[in-house]
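Shown next, in structure tokens, is the structure this report addresses.
If you want it as structure tokens, here you go:
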């Protein structure tokens, strides 16, 4: 009896419509729909995994539903090939033994960035204009990429968004869509960030981050930074375990049991930084600080408790 239960024959996806393409991982959901394969079907068992041939059944790896469509959370899919499997359930809870499947390929990779003008992230270059180029992300082809979004700033961990600079893919000359000249940059450390947009408009959750340095070949010098973190309104309450970052990941440290943080005098490149401090149950502190060559800058600050 169960062998005669036909599974859905017309699986489709409005969110991932081409099973031969790669889709980036920052999508709201993976939607699948189908038609009722026979009039007296009572429901379906469905599953998502990385196994090509898999028959869902009444177990912890499968879910039962009665409707002819479903939305699957992004956390259920992994990088690479994934498969949505579904079988029909007939009268008297008879379970089909033949599945239908819908493949979907998910990309989490980001482009690989290089620079012919500033090839080393630790070398200082007098040239203020940087030439950068990048690869397609992971397994993606030109047809899988609609455009690239990019940002140039002083922060190590910026993720471009659709409000960032955009460079559309040119299928007739793909390499022209994978290179930029970044002119007239001031002295200091810079970060170029780039990620791809797929054919459905989805971005990747991660981005490529490329560091380059502009300044005299001897560098801009080095300095230090130290300070004490206390609780706002209670100067004697010193906060340990505060996470402190300069330019969003360029340098990181944590306060000790006395609320002190420090970078040695030769530990930081001379320039201005955003300083950000975070601790559970406290509001984030965000400020700015300038590092001076050969000196230890002192910056004490207070953090406000949540609700305070």
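Residue numbers (this note's numbering): 22 to 329. Where a beta carbon is used, it is the ideal one built from N, C-alpha and C, also for glycine.
Beta carbon of residue i nearer than 7 Å to that of residue j
i           : j           : result
residue 107 : residue 65  : yes
residue 330 : residue 179 : An answer regarding residue 330 cannot be provided, because it is not within the stretch 22 to 329 covered by the chain.
residue 142 : residue 232 : yes
residue 261 : residue 276 : yes
residue 132 : residue 155 : yes
residue 153 : residue 168 : no
residue 29  : residue 58  : yes
residue 192 : residue 216 : no
residue 295 : residue 309 : yes
residue 103 : residue 71  : yes
residue 43  : residue 195 : no
residue 253 : residue 323 : yes
residue 222 : residue 312 : no
residue 302 : residue 327 : yes
residue 204 : residue 138 : no
residue 127 : residue 84  : no
residue 239 : residue 286 : no
residue 166 : residue 190 : yes
Simplified DSSP assignment, three categories, for residue i
i           : result
residue 274 : strand
residue 125 : strand
residue 256 : strand
residue 29  : coil
residue 189 : strand
residue 96  : helix
residue 79  : coil
residue 22  : Note that residue 22 has pLDDT 42, beneath the 50 cutoff, so the model's placement of it is unreliable and no number is given.
residue 103 : strand
residue 114 : helix
residue 108 : strand
residue 323 : strand
residue 179 : coil
residue 36  : coil
residue 41  : coil
Other residues of its chain near residue i: CB distance less than 6 Å, five sequence neighbours each side excluded
i           : result
residue 226 : 46 and 47
residue 82  : 68
residue 35  : 52
residue 234 : 145 and 210
residue 307 : 297
residue 266 : 273 and 297
residue 325 : 253 and 304
residue 198 : 188, 190 and 191
residue 130 : 158 and 159
residue 77  : 66, 67, 68, 83, 106 and 108
residue 263 : 250, 276, 298 and 300
Own chain partners of residue i with C-beta closer than 8 Å, once the 5 adjacent residues on each side are dropped
i           : result
residue 61  : 111 and 112
residue 90  : 52, 53, 54 and 55
residue 241 : 145, 208, 209, 290, 291, 292 and 314
residue 32  : 53, 54, 55, 105, 107, 121, 122 and 123
residue 200 : 152, 153, 154 and 155
residue 352 : With the chain covering 22 to 329 only, the question about residue 352 has no answer from this structure.
residue 79  : 66, 85 and 116
residue 220 : 39, 42, 44, 164, 165, 166 and 167
Spatial neighbours of residue i in its chain, beta-carbon cut-off 7 Å, leaving aside the 5 residues before and after
i           : result
residue 249 : 259, 280, 281 and 321
residue 40  : 123, 124 and 125
residue 177 : 212, 230, 268, 269, 270 and 271
residue 134 : 153, 155, 213, 215, 229 and 231
residue 251 : 258, 259, 260, 280 and 323
Paired residues, beta bridge with residue i - DSSP
i           : result
residue 265 : 274 and 298
residue 21  : Within the shown structure, residues of the chain are numbered from 22 to 329, placing residue 21 beyond reach of any answer.
residue 47  : 224
residue 174 : 212
residue 309 : 295
residue 317 : 245
C-beta neighbour in chain B for residue i, strict 7 Å
i          : result
residue 92 : Structure shown: chain B not included; a single protein chain is present.
Within the segment 278-306, ranges of the beta strand (DSSP E) (whole runs, at least 3 residues)
281-290 and 293-299
Give the list of continuous beta strand (DSSP E) stretches no shorter than 3 residues that lie fully inside the segment 50-74.
51-54 and 64-70
Uninterrupted beta strand (DSSP E) stretches inside the segment 122-170 (no shorter than 3 residues)
134-136 and 151-155
Threshold first: 3 residues or longer. Then list the beta strand (DSSP E) segments lying entirely within the segment 193-253, N to C.
200-203, 209-219, 229-235 and 243-252
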